[in-house]
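Everything below concerns the one structure shown next.
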Amino acid sequence: MAKTVNSKKQNAAAKASAKANAKASAKANDQSQTTAAKTIILGIDVGGTSIKGVALKEGKEIFWCDEPTGKDDLAAQLESIAEKLASGAGAVFSEIIGVGVCCPGTIDGAKGVVAYAANLRLKNYPLKQKLEKLLGLPVKVCNDANGAALGEAVFGASSGYKDSVFVTLGTGVGGGIIIDGKIFEGNKGAGTEIGHMVIERGGDRCSCGRYGCFEAYCSARALTRRTRWAMEDDTGSAMWKNYDLSTADGRTAFEHMDGDRTARRVVEWYIKYLACGLANLANIFRPQAIILGGGVSAQGSRLIKPLKEQFEKELFGGSDYAPVEIKCAKLGAKSGAYGAVALFM
């Protein structure tokens, strides 16, 4: 019986090896059969629920895809998506400069290793090495928030600036730092955890375990929580006309701020803490621009105008000598994939 089992395992391994060799041979033939110039870059943004991909030719999008994140080996999933991008772009592998990947978690960009990604259940995962072996193409890897920052810096709202800070105001608060057009990652890629600087010592508890973090006050979740507290305290608030405690979210207070005092106070509370966090970042890095992404940034001028007024009051030395622009992101959900492309630019 043992010999039979071992024989089956050996046959399965041989078939898998043959399949891999066949794919590698096909790609090698693809590359040898054409002399087309390398003009296309593939960018892939890995998320906990979906993986987004883009193919850009000379800076212009020629194909886009968005698929659910599977449970298979990550490199194998990305190989499939890269092949789909190339096919959708009508390209052969010899036309592809490389594949950039943005991935959540702590990323060692120099080595292309996912040091730790909780949602993907990865630890010390050699993504660059695995994917390059599967595709036969150069691969570069970075953190997803850093990639989004780079995407906006190259293709989006901060494309005219060498130094910028990107802040996402979503379920949490994250972001990236761009210095002289390049991603600043910190020691072993573990830096720029923007959401976990403390802006209220001893304040609300954050998901990270500390108290008073930027994320605990300025995420969409924090804004939703504050809105619902305010509604409980003021049962006569106009916010009750369209929402209840189960449906109120980060939009609610902004939608009612012009005609409801309680809603306006929630917005003022939120902007006070957001301006504090952004001023801290500006006073440390003094970027030319701070770009806001994530769900809360959808409020546009209703957020930006009062935020700038408060921010200017807290900016060290004022804005006459080294002004800092505050803008909303342009690329939206595409920022990470475009940032992955930018790793090769």
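Count along the sequence shown from 1, then add 1002; that gives the number in the numbering used here.
All residues carry an ideal CB built from backbone N, CA and C; glycine is no exception.
Among the residues of its own chain, which have a CB less than 6 Å from the CB of residue 1190, if the five just before and after it don't count? 1110
Is residue 1246 near residue 1149, with beta carbons less than 9 Å apart? no
Tell me residue 1328's beta-bridge partners as DSSP assigns them. As computed with DSSP, residue 1328 is found in a beta bridge with 1292.
Would the segment 1253–1270 and the segment 1292–1305 be scored as touching if the rule is three or more Cβ pairs under 8 Å? yes
N-terminal and C-terminal residue of the alpha helix (DSSP H) that residue 1321 is part of: From DSSP, residue 1321 is part of no alpha helix (DSSP H); its letter is neither H nor E.
Tell me the DSSP bridge mates of residue 1068? 1054
Residue 1138 and residue 1095 - do their beta-carbons sit closer together than 9 Å? Residue 1095 places its beta carbon less than 9 Å from that of residue 1138.
From which residue to which residue does the alpha helix (DSSP H) around residue 1282 run? From DSSP, the alpha helix (DSSP H) with residue 1282 extends over 1263–1287.
For the alpha helix (DSSP H) that contains residue 1226, what are its first and last residues? 1222–1235
9 Å Cβ cutoff met for residue 1100 and residue 1136: no
Would you kindly report the start and end of the unbroken beta strand (DSSP E) that includes residue 1169? Run containing residue 1169: 1166–1171, per the beta strand (DSSP E) assignment.
Looking at C-alpha atoms only, which residue of 1054, 1339, 1296, 1332 is the closest neighbour of residue 1176? When each option's Cα is compared against that of residue 1176, the closest is 1296.
Bridge partner(s) assigned by DSSP for residue 1047: 1054, 1104
Counting only runs that start and end within the segment 1116–1153, where is the alpha helix (DSSP H) found for 4 or more residues in a row? 1129–1137
Less than 9 Å between CB atoms is the rule here; does residue 1279 satisfy it with respect to chain D? Among the protein chains of the structure shown there is no chain D, as only one such chain exists.
For residue 1281 and residue 1316, which I take to be in contact (beta-carbon distance under 8 Å), what is that distance rounded to the nearest angstrom? 4 Å
At the level of alpha carbons, what is the spacing between residue 1327 and residue 1074? Near 43 Å, if we compare the C-alpha coordinates of residue 1074 and residue 1327.
Beta-carbon within less than 6 Å of residue 1213's beta-carbon, same chain only, minus the 5 sequence neighbours each way: which residues are those? 1204, 1205, 1207
Give me the residue from 1064, 1147, 1054 with the minimum Cα distance to residue 1080. For residue 1080, the nearest C-alpha among the options comes from 1054.
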